[in-house]
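This report refers to the structure that appears directly beneath it.
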Ligand code: HEC
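In the working numbering, the protein residues as written are 20 to 134.
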């Protein structure tokens with residue numbers, strides 16, 4: 020018969036494994052430095068509309084749309100026409116945060132769509 024301490028550590032191990040698998044599968048780490056550099060929060064908030072739609076509204080609209088992340092990543096770099104309201108999403112250069120690489124734009128979009 021296994022002793023109690025052994026059973027307890029086995030259970031703890033299984034629980035912590037489960038917890039880390041959960042994190043890997045369901046959260047996208049926030050790319051904070053990029054968000055600051057690109058000034059996203061000057062116009063956006065995560066959960067309430069501000070000068071622009073909230074990141075949660077954007078995620079709800081595009082999460083299940085095929086090809087949306089490529090379209091949005093391109094928009095983060097080059098800007099685009101307004102279709103939520105009156106104002107358009109400015110290009111990376113217009114935002115004043117410097118050029119935005121394709122990779123970094125992809126990371127930002129992935130994070131926005133995970134909200
Ligand atoms: C100067 C204000 C401003 C800044 C800074 C800004 N945005 Fe936006 N963003 C907007 C506006 C306004 C819209 C709505 C545009 C529209 O109607 O398509 C928008 C829309 C978006 C959309 C949805 C685009 C679509 O086609 O539906 C995404 C994704 C987005 N922003 C992400 C970001 C990220 C990430 C950053 C930082 C890199 C950022 N925004 C910085 C103003 C801004």
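Every residue gets a Cβ at the ideal spot worked out from N, C-alpha and C, and that includes glycine.
For residue i, which of helix, strand or coil comes out of DSSP?
i           : result
residue 69  : coil
residue 103 : coil
residue 18  : Not covered by the structure: residue 18. The range shown for the chain is 20 to 134.
residue 127 : helix
residue 95  : helix
residue 60  : helix
residue 40  : Confidence is the limiting factor: at residue 40 the pLDDT is only 45, short of 50, which leaves the residue's position unreliable and the question unanswerable from this model.
Note down the Cα distance separating residue i from residue j, rounded to an integer number of angstroms.
i           : j           : result
residue 107 : residue 70  : 11 Å
residue 117 : residue 100 : 20 Å
residue 132 : residue 92  : 11 Å
residue 63  : residue 103 : 13 Å
residue 127 : residue 113 : 17 Å
residue 110 : residue 52  : 18 Å
residue 73  : residue 79  : 10 Å
residue 55  : residue 123 : 13 Å
residue 57  : residue 94  : 13 Å
residue 59  : residue 83  : 23 Å
Shorter than 7 Å, the distance from the beta carbon of residue i to the closest heavy atom of ligand 1, or not?
i           : result
residue 72  : yes
residue 110 : no
residue 57  : yes
residue 114 : yes
residue 84  : no
residue 64  : no
residue 120 : no
residue 99  : yes
residue 10  : Because the chain is modelled from 20 through 134, residue 10 falls outside the range shown and cannot be assessed.
residue 93  : no
Can you list, in chain order, the residues of its chain whose CB lies under 8 Å from that of residue i, leaving out five sequence neighbours each side?
i           : result
residue 75  : 65, 66 and 134
residue 121 : 92 and 96
residue 81  : 87, 88, 91 and 132
Leaving aside the five residues before and after residue i along the sequence, list all residues of the same chain whose C-beta is less than 7 Å from its C-beta, in chain order.
i           : result
residue 130 : 47, 49 and 50
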